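Chemist: Pasting in a structure now, in structure tokens, and then I'll have a few things to ask.
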Amino acid sequence: MNLGAGPSYQETAGQDGTWGYNANAKLRYALERGVVEASANRGYDVQNFTGTAESGTREFWQLRIDFNYQLLEDVQLALFTRYLKENREEITAQYLAE
Numbered sequence: 001m002n003l004g005a006g007p008s009y010q011e012t013a014g015q016d017g018t019w020g021y022n023a024n025a026k027l028r029y030a031l032e033r034g035v036v037e038a039s040a041n042r043g044y045d046v047q048n049f050t051g052t053a054e055s056g057t058r059e060f061w062q063l064r065i066d067f068n069y070q071l072l073e074d075v076q077l078a079l080f081t082r083y084l085k086e087n088r089e090e091i092t093a094q095y096l097a098e
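Put into structure tokens, the structure is as follows:
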């Protein structure tokens with residue numbers, strides 16, 4: 001099992017700073033010939049959405065389940081599923097000029 005958490009602070013020119021939090025959790029269960037792993041992550045990051053000077057913050061939640069199993073000596077089965085929810089606040093060059 002793995003757990004982690006910590007604060008986030010984001011400040012954009014011309015705006016007040018905002019606080020948030022990041023967190024992650026992972027649970028790993030070993031099988032005789034494989035492993036099952038479940039993880040959850042929450043956080044903030046800054047992204048360049050358009051490839052120009054326009055950028056913004058992204059708040060996200062991610063849940064993931066992985067399954068790996070050794071079928072034969074040289075053959076392994078790997079399956080996973082992921083759910084991602086994100087909210088984006090875009091900061092455009094026009095917004096910064098105002």
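Heads up: the sequence shown at position 49 corresponds to 49 in our numbering, and the numbers run straight through without jumps.
The C-beta atom is built at its ideal place from N, Cα and C for all residues, glycine as well.
Owing to the predicted nature of the structure, the values given are computational and were not obtained by experimental measurement.
Work out the CA separation of L72 and A25 for me, nearest whole Å.
Modeler: 31 Å
Chemist: Have a look at R64, A78 and K85 and flag the residue whose alpha-carbon is nearest the alpha-carbon of L27.
Modeler: R64
Chemist: Just confirm the distance between the C-beta atoms of N87 and Q62, as a whole number of angstroms; I'd bet it's less than 8 Å.
Modeler: The Cβ separation is near 13 Å, so there is no contact.
Chemist: Which residues in the same chain have their Cβ closer than 6 Å to the Cβ of G4, if we skip the five residues on either side of it in sequence?
Modeler: Residues of the same chain with a CB within less than 6 Å of the CB of G4, apart from the 5 flanking positions on each side, are N24 in chain order.
Chemist: E59 and Y44 look like a contact to me (Cβ under 8 Å); what is the Cβ gap, rounded to whole Å?
Modeler: About 5 Å separates the CB atoms of E59 and Y44; that is less than 8 Å, so the two are in contact.
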